[in-house]
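Visitor: Under our numbering, think of the first position of the sequence shown as 1005, with each following residue one higher.
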Amino acid sequence: VTRASRPIILASSHGLKTFTVKRSSKIIDTIGCGDAFVGGRDME
């Protein structure tokens, strides 16, 4: 689950895990970011 600037939560049969979000000053447009995030997760 993405949560803006808060840590990302990954829920699986092994439990919950959080990942820190790295800040970037080069963000121009966030349209499609969720699709790319899920696509990357699905490829693993």
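C-beta atoms are modelled at their ideal positions from N, C-alpha and C, and glycine is treated no differently.
What's the C-alpha gap between D1055 and G1019?
Guide: One cannot answer for residue 1055 here, as it falls past the ends of the chain, which runs 1005 to 1048.
Visitor: What number of angstroms, rounded off, separates the C-alpha of T1022 from the C-alpha of D1046?
Guide: Looking at the two C-alpha atoms, the distance is approximately 17 Å.
Visitor: Report the partner residues of S1016 according to the DSSP bridge assignment.
Guide: G1019
Visitor: Write down the C-beta distance between V1025 and I1013 rounded to the nearest angstrom, noting that I regard them as a contact closer than 8 Å.
Guide: At roughly 11 Å, the Cβ-Cβ gap does not stay under 8 Å, so V1025 and I1013 are not in contact.
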